[in-house]
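Residue numbers (this note's numbering): 372 to 479.
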Ligand SMILES: [Zn+2]
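What follows is the structure in structure tokens.
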């Protein structure tokens with residue numbers, strides 16, 4: 372699972388952020404990411420990345436970003452945000468490109 376980003380910590384610390392929207396979306400390519408190693412490494416190679424480095428980038432980091440279920444991942448992130456930042460409230464939303472970008476609140 373992806374670590375909570377320093378950007379969020381910075382915003383909480385310096386900008387007074389106390390409410391966070393975690394937005395998931397349908398059709399997320401992070402689902403099944405581990406099955407797409409060949410595609411991703413080949414894409415990195417086309418971008419000029421050395422073969423060993425391309426493989427290492429995928430092998431070292433892809434697992435952090437791979438998810439099985441975008442909604443479940445968003446809800447998990449909400450829990451982590453509120454755990455790490457106890458005075459911050461978070462909510463999960465689902466962005467749906469197939470229905471005019473409908474954004475709906477995901478109930479916990
Ligand atoms: Zn995605």
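Don't be surprised by glycine CBs; every beta carbon is placed ideally from N, CA and C.
Everything numeric in this text was worked out from a predicted model, so none of it was measured.
Alpha-carbon to alpha-carbon, residue j and residue i
i: residue 433; j: residue 385; result: 30 angstroms
i: residue 457; j: residue 394; result: 20 angstroms
i: residue 461; j: residue 378; result: 15 angstroms
i: residue 389; j: residue 453; result: 10 angstroms
i: residue 449; j: residue 376; result: 13 angstroms
i: residue 406; j: residue 380; result: 32 angstroms
Integer Cβ distance of residue i from residue j, believed to fall under 8 angstroms
i: residue 476; j: residue 464; result: 6 angstroms
Close-in-space but distant-in-sequence residues of the same chain around residue i (CB under 7 angstroms, 5 per side omitted)
i: residue 415; result: 425 and 428
Burial state of residue i (16 or more Cβ within 10 Å)
i: residue 474; result: exposed
i: residue 422; result: exposed
Any non-hydrogen atom of ligand 1 within 7 angstroms of residue i CB
i: residue 401; result: yes
i: residue 396; result: yes
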